[in-house]
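Colleague:
There are 2 protein chains.
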Amino acid sequence: MTENQVRQVLSKLEGKTFTQVYFVACGGSSALMYPGKYLMDCYSSKINSDYYNSNEFIYLSPAALGPSSLVILCSQEGKTPETVEAAKFAKAHGATVIALAMREGTPLQEASDLFVQYGHYNTSPMIETSYGVVFMLTAGIIEQQDGVNLFDGMVKSLTAATPIVKQAIEHFRPMANEFANACKDTKVLYSLAAGPDYSQSYVFCNCYMMEMQWINAIPIHAGEFFHGPFEIIEENSPVVLLMGQSRSRFLEERALTFCKRYTKKLFTIDTKEVEFTDIEEEFKGVVALLVLNNVCRLFSQTIAIVRDHSLDIRRYMHLVEY
Amino acid sequence: MTENQVRQVLSKLEGKTFTQVYFVACGGSSALMYPGKYLMDCYSSKINSDYYNSNEFIYLSPAALGPSSLVILCSQEGKTPETVEAAKFAKAHGATVIALAMREGTPLQEASDLFVQYGHYNTSPMIETSYGVVFMLTAGIIEQQDGVNLFDGMVKSLTAATPIVKQAIEHFRPMANEFANACKDTKVLYSLAAGPDYSQSYVFCNCYMMEMQWINAIPIHAGEFFHGPFEIIEENSPVVLLMGQSRSRFLEERALTFCKRYTKKLFTIDTKEVEFTDIEEEFKGVVALLVLNNVCRLFSQTIAIVRDHSLDIRRYMHLVEY
Numbered sequence: 001m002t003e004n005q006v007r008q009v010l011s012k013l014e015g016k017t018f019t020q021v022y023f024v025a026c027g028g029s030s031a032l033m034y035p036g037k038y039l040m041d042c043y044s045s046k047i048n049s050d051y052y053n054s055n056e057f058i059y060l061s062p063a064a065l066g067p068s069s070l071v072i073l074c075s076q077e078g079k080t081p082e083t084v085e086a087a088k089f090a091k092a093h094g095a096t097v098i099a100l101a102m103r104e105g106t107p108l109q110e111a112s113d114l115f116v117q118y119g120h121y122n123t124s125p126m127i128e129t130s131y132g133v134v135f136m137l138t139a140g141i142i143e144q145q146d147g148v149n150l151f152d153g154m155v156k157s158l159t160a161a162t163p164i165v166k167q168a169i170e171h172f173r174p175m176a177n178e179f180a181n182a183c184k185d186t187k188v189l190y191s192l193a194a195g196p197d198y199s200q201s202y203v204f205c206n207c208y209m210m211e212m213q214w215i216n217a218i219p220i221h222a223g224e225f226f227h228g229p230f231e232i233i234e235e236n237s238p239v240v241l242l243m244g245q246s247r248s249r250f251l252e253e254r255a256l257t258f259c260k261r262y263t264k265k266l267f268t269i270d271t272k273e274v275e276f277t278d279i280e281e282e283f284k285g286v287v288a289l290l291v292l293n294n295v296c297r298l299f300s301q302t303i304a305i306v307r308d309h310s311l312d313i314r315r316y317m318h319l320v321e322y
Numbered sequence: 001m002t003e004n005q006v007r008q009v010l011s012k013l014e015g016k017t018f019t020q021v022y023f024v025a026c027g028g029s030s031a032l033m034y035p036g037k038y039l040m041d042c043y044s045s046k047i048n049s050d051y052y053n054s055n056e057f058i059y060l061s062p063a064a065l066g067p068s069s070l071v072i073l074c075s076q077e078g079k080t081p082e083t084v085e086a087a088k089f090a091k092a093h094g095a096t097v098i099a100l101a102m103r104e105g106t107p108l109q110e111a112s113d114l115f116v117q118y119g120h121y122n123t124s125p126m127i128e129t130s131y132g133v134v135f136m137l138t139a140g141i142i143e144q145q146d147g148v149n150l151f152d153g154m155v156k157s158l159t160a161a162t163p164i165v166k167q168a169i170e171h172f173r174p175m176a177n178e179f180a181n182a183c184k185d186t187k188v189l190y191s192l193a194a195g196p197d198y199s200q201s202y203v204f205c206n207c208y209m210m211e212m213q214w215i216n217a218i219p220i221h222a223g224e225f226f227h228g229p230f231e232i233i234e235e236n237s238p239v240v241l242l243m244g245q246s247r248s249r250f251l252e253e254r255a256l257t258f259c260k261r262y263t264k265k266l267f268t269i270d271t272k273e274v275e276f277t278d279i280e281e282e283f284k285g286v287v288a289l290l291v292l293n294n295v296c297r298l299f300s301q302t303i304a305i306v307r308d309h310s311l312d313i314r315r316y317m318h319l320v321e322y
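Just so you know, the sequences run in chain order A and B.
Residue numbers for the first sequence follow the UniProt record's numbering, beginning at 1 and rising by one.
Residue numbers for the second sequence follow the UniProt record's numbering, beginning at 1 and rising by one.
1. Using DSSP's beta-bridge definition, name the partner residues of A/Y190.
2. Does chain A have any CB closer than 7 Å to the CB of B/H318?
3. Could you give the distance in angstroms between the alpha-carbon of B/V116 and the alpha-carbon of B/V6?
4. Go through its chain and collect everything with a Cβ distance to B/Y262's Cβ below 6 Å, but skip five positions before and after it.
5. Go ahead and label A/A255 buried or exposed: buried means 16 or more other beta carbons lie within 10 angstroms of its beta carbon, across all protein chains shown.
6. One question on the structure: do A/S300 and A/Y198 come within less than 7 Å of each other, judged by their Cβ atoms?
7. Where does B/L100 fall in DSSP's three states?
8. B/L289 and B/P196 - do their beta-carbons sit closer together than 7 Å?
9. Buried or exposed: where does A/R247 fall if 16 or more other Cβ atoms within 10 Å of its Cβ makes it buried?
10. From B/A176 to B/G147, what does the alpha carbon distance come to, in whole angstroms?
11. Give the range of the alpha helix (DSSP H) segment to which A/V71 is assigned.
12. Does the separation of the CB atoms of B/D50 and B/Y22 fall below 7 Å?
13. Pair every Cβ in the region 23 to 33 of chain B with every Cβ in the region 59 to 79 of chain B, then say whether three or more of these pairs are closer than 8 Å.
14. Under a CB-based cut-off of 7 Å, is A/A63 close to chain B?
15. Any heavy atom of the ligand COA inside 6 Å of the beta-carbon of A/D312?
16. Taking only beta-carbon atoms, is A/R307 less than 7 Å away from chain B?
17. Against chain A, with Cβ distances strictly below 7 Å, would B/H93 count as a contact?
18. Are the CB atoms of B/V295 and B/I269 within a distance shorter than 7 Å?
19. Short of 6 Å in beta carbon distance, which residues of its chain neighbour A/A64, apart from the five on each side in sequence? Order them along the chain.
20. Looking only at its own chain, which residues have a Cβ that is under 8 Å from the Cβ of A/A160, when we skip the five neighbours before and after it?
21. Between which two residues does the beta strand (DSSP E) containing A/I269 stretch?
22. Between which two residues does the beta strand (DSSP E) harbouring A/N48 extend?
23. Determine the closest residue to B/L311 out of B/M210, B/E77, B/E281 and B/N236, with distance taken between C-alpha atoms.
24. Compare the C-alpha of B/E224 against each of B/K46, B/C205 and B/S191 and name the closest.
25. Between B/K37 and B/T138, what straight-line distance do the alpha-carbon atoms span, to the nearest angstrom?
26. Quick one: using the 10 Å Cβ neighbour count with 16 as the cut-off for buried, is B/E56 buried or exposed?
27. Nearest-angstrom Cα distance between B/L114 and B/A31?
28. Give the range of the alpha helix (DSSP H) segment to which B/F179 is assigned.
29. Using three-state DSSP, classify B/V203 as helix, strand or coil.
30. Listing by chain order, which chain B residues have their CB less than 7 Å from the CB of A/A194?
31. Pick out whichever of B/P81, B/H171, B/T257 and B/K184 has its Cα sitting closest to the Cα of B/A304.
32. Contact criterion: CB-CB distance below 7 Å. Does B/Y59 meet it with respect to chain A?
33. Does the Cβ-Cβ distance between B/L158 and B/V133 come in under 7 Å?
34. Strictly below 7 Å CB to CB, what residues from chain A border B/R247?
35. Where does the unbroken alpha helix (DSSP H) through A/V21 begin, and where does it stop?
36. Judging by CA-CA distance, which residue of A/Y59, A/M33 and A/S69 is the nearest neighbour of A/N48?
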């Protein structure tokens, strides 16, 4: 069981002092690390956390990487070449290396010290998905290093999240249909978010829209929006605005006020429309992120059907050399 | 003189120990901080450096922010409201606050402990521009905190950079014309880069294209490109590929190989085409970044003329409430 694997990994880290935590991955796996870094920034005053694309991590070669570093890597199938290399690179520098993957016995696991196997988002409760694992691990590490009580509350919230996410999917289904019909022929769309939620604008645009639908999609940080990109917005500009419940929600609210005024094609996924039963205030941002992740996926599944363009079609990935 | 102001600021920091350096700004001013963070990552094993949009910095409220933090902020006119607030916020937490601006006597300077006035890119030698200041300051801080000799080499390289940048502008002028004519009616374009150069894809897309030309433009990290976004590329996709000389150049070379094969509208700004006279190996990445910054600006100035759309036209910024 995933939760027990996380507890075992944390017990192996007990008593060690880490001064850096590096979150390292590519694409969708990279996006899921971003909320981990946000959580560290919010709670840890002792750990320097950073967030890198796997090849960037290797080539940049951070000066601080060494025996007091913890490196967390993720690759769904456990064989993304750059991420496997990054694990080897980190180990060669004396770091403690934790791998996350959906499969066991992969090159990534082999290159790492510790391993957690996570479940597929379609069939697993939230706590057992990749996001659940990153949240549990991060909370546990912060608790060990900074003495902030986070782990039990995190487990409780992740456990309570599964029915909330299901309810959210039903709640936003009509909006997903509306989005799919309004945007099926669109040439370009935008997604805005701030704080940890930005990771979901990133996945939505880079993976769901550009990779899987060949629709141009621009992820824009809701705080940066007002310092350039907002000039592109016209009354027919399709905007998918994500509103979570992190500390940075105000930035998303500010974007909402602007977008409401200047575009008629605004799709606001506001997680406050869903009832968060049994979730303490402190963990609402975490559960909101899981909601956004799943509702964005629903949006992509719905538009894929309307456009008759399967999410699985590729023209380059794993098909040509690159 | 800017260099002397930087030296004075550094002399005020002498003897203090900082465990965090936060680079905080918005939009174009934020982009210029990114290479500062990259430099810190490459050379400093003692400082945790981070990079935030001003409002994100305030609302996230990093747990580590305190008396051992150094916060560097930038705003060209010195009055970006979020950045002024971020300076006050940092000071209230006991941090040492350094402001950079092109104007003296602004609210940002007033809210800060230390100040450097930089010159306009059109009229100042490279060392006196905002980028020059960030590079000098960062090198000086690393030298003080980590004992790595960087400052004198940085000053020497920035001083030697001005004629190189001028030469680069002439070298890439024909390509800028080609780009402007090929893309004047384009609905969407892409810019790829890795390492510190990614900041220039960011400025090029978010500021020059989206804000100032109302052309959709997607900045894509060259390492992340292969994990999603590359699926959007077709033979008529306009790509502006930036090739600097940082440690991360390999990621840009990999993107080049792919783009050469799959699009006919590739504009590669390869800084290796320009002779880097009197630049030591270690500082080539810094000078390359200045080249990319100025050549990207040339691209935008050229397309603005061809499209007869002034870079100064706005429909929202400073015109409506937001």
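Where a beta carbon is used, it is the ideal one built from N, C-alpha and C, also for glycine.
Modeller: On the basis of the data shown:
1. For the purposes of this step, residue 190 of chain A is taken as residue 190 along the first sequence, with counting starting at 1. A/Y190 is bridged to A/I218 and A/V239.
2. Numbered from 1 along the second sequence, position 318 holds the residue referred to as residue 318 of chain B. No, B/H318 does not count as interfacial toward chain A.
3. Within the second sequence, residue 116 of chain B is the residue found at index 116, counting from 1. Within the second sequence, residue 6 of chain B is the residue found at index 6, counting from 1. One C-alpha to the other measures close to 6 Å.
4. Along the second sequence, read from residue 1 onward, the residue named residue 262 of chain B stands at position 262. The residues are I233.
5. Working through the first sequence from its first residue, we reach residue 255 of chain A at position 255. Buried: at least 16 other Cβ atoms inside 10 Å.
6. Against the first sequence, residue 300 of chain A aligns to sequence position 300. Against the first sequence, residue 198 of chain A aligns to sequence position 198. It is not a contact, given that the beta carbons lie outside the stated cut-off.
7. Residue 100 of chain B sits at position 100 when you count from the first residue of the second sequence. When secondary structure is reduced to three states using DSSP, B/L100 falls in the strand class.
8. Taking the first residue of the second sequence as position 1, residue 196 of chain B is located at position 196. Taking the first residue of the second sequence as position 1, residue 289 of chain B is located at position 289. Contact flag set, yes.
9. Locating residue 247 of chain A in the first sequence gives position 247, counting from the first residue. That one is buried.
10. What you label residue 176 of chain B is simply residue 176 of the second sequence in a count that begins at 1. What you label residue 147 of chain B is simply residue 147 of the second sequence in a count that begins at 1. Their Cα atoms are separated by approximately 42 Å.
11. For the purposes of this step, residue 71 of chain A is identified with residue 71 of the first sequence, where counting begins at 1. The continuous stretches of alpha helix (DSSP H) do not include A/V71, which lies in the beta strand (DSSP E) extending over residues S69 to C74.
12. Taking the second sequence and counting its residues from 1, one reaches residue 50 of chain B at position 50. Taking the second sequence and counting its residues from 1, one reaches residue 22 of chain B at position 22. In this structure, B/Y22 lies closer than 7 Å to B/D50 by Cβ.
13. The region 59 to 79 of chain B and the region 23 to 33 of chain B touch, with three or more beta-carbon pairs separated by less than 8 Å.
14. If you number the first sequence from 1, residue 63 of chain A lands on position 63. Chain B contact via Cβ: present.
15. Questions concerning the ligand COA fall outside what the structure shown contains, since it holds no ligand whatsoever.
16. The residue labelled residue 307 of chain A in the question sits at position 307 within the first sequence. Not one chain B Cβ lies under 7 Å of A/R307.
17. By 1-based counting over the second sequence, the position of residue 93 of chain B is 93. Any Cβ of chain A closer than 7 Å to the Cβ of B/H93 would place that residue at the interface, and such an atom is absent.
18. Residue numbering aside, residue 269 of chain B sits at position 269 when the second sequence is read from its first letter. Residue numbering aside, residue 295 of chain B sits at position 295 when the second sequence is read from its first letter. Yes; because the gap between Cβ atoms is below 7 Å, this pair is in contact.
19. Within the first sequence, numbered from 1, the residue matching residue 64 of chain A stands at position 64. Q20.
20. Position 160 of the first sequence, counted from the start, is the residue given in the question as residue 160 of chain A. Closer than 8 Å at the Cβ level, and outside the excluded window around A/A160, lie T277, D278, I279 and V287.
21. The residue given as residue 269 of chain A occupies position 269 in the first sequence. Here the beta strand (DSSP E) through A/I269 covers L266 to D270.
22. By 1-based counting over the first sequence, the position of residue 48 of chain A is 48. Note, A/N48: beta strand (DSSP E), N48 to N53.
23. Locating residue 311 of chain B in the second sequence gives position 311, where the first residue counts as 1. Among B/M210, B/E77, B/E281 and B/N236, the Cα nearest to that of B/L311 is on B/M210.
24. Mapped onto the second sequence, residue 224 of chain B falls at position 224. B/E224 has its Cα closest to that of B/S191, out of B/K46, B/C205 and B/S191.
25. The sequence position of residue 37 of chain B within the second sequence is 37, counting from 1. The sequence position of residue 138 of chain B within the second sequence is 138, counting from 1. Their backbone Cα atoms lie some 8 Å apart in a straight line.
26. Translated into positions along the second sequence, residue 56 of chain B becomes position 56. Looking at its Cβ environment, which holds 16 or more other Cβ atoms inside 10 Å, B/E56 is buried.
27. As a first step, residue 114 of chain B must be located in the second sequence, where it is residue number 114. As a first step, residue 31 of chain B must be located in the second sequence, where it is residue number 31. Looking at the two C-alpha atoms, the distance is approximately 21 Å.
28. For the purposes of this step, residue 179 of chain B is taken as residue 179 along the second sequence, with counting starting at 1. It spans F151 to C183 - the alpha helix (DSSP H) in which B/F179 sits, taken as one unbroken run.
29. Taking the second sequence and counting its residues from 1, the one referred to as residue 203 of chain B is at position 203. Three-state result, B/V203: helix.
30. Taking the first residue of the first sequence as position 1, residue 194 of chain A is located at position 194. Near A/A194 (Cβ distances below 7 Å), the residues of chain B are E56.
31. Counted from its first residue, the second sequence places residue 304 of chain B at position 304. The option with the nearest alpha carbon to B/A304 is B/K184.
32. The count along the second sequence starts at 1 and reaches residue 59 of chain B at position 59. Yes, because at least one Cβ of chain A sits closer than 7 Å to the Cβ of B/Y59.
33. Here residue 158 of chain B is taken as the residue at index 158 of the second sequence, counted from 1. Here residue 133 of chain B is taken as the residue at index 133 of the second sequence, counted from 1. In this structure, B/V133 does not lie closer than 7 Å to B/L158 by Cβ.
34. Here residue 247 of chain B refers to the residue found at position 247 when the second sequence is read from its first residue. Going along chain A in sequence order, the residues near B/R247 (Cβ under 7 Å) are Y59, L60 and S61.
35. Against the first sequence, residue 21 of chain A aligns to sequence position 21. Run containing A/V21: none in the alpha helix (DSSP H); it sits in the beta strand (DSSP E), Q20 to A25.
36. Here residue 48 of chain A is taken as the residue at index 48 of the first sequence, counted from 1. Taking only the C-alpha atoms, the option nearest A/N48 is A/S69.
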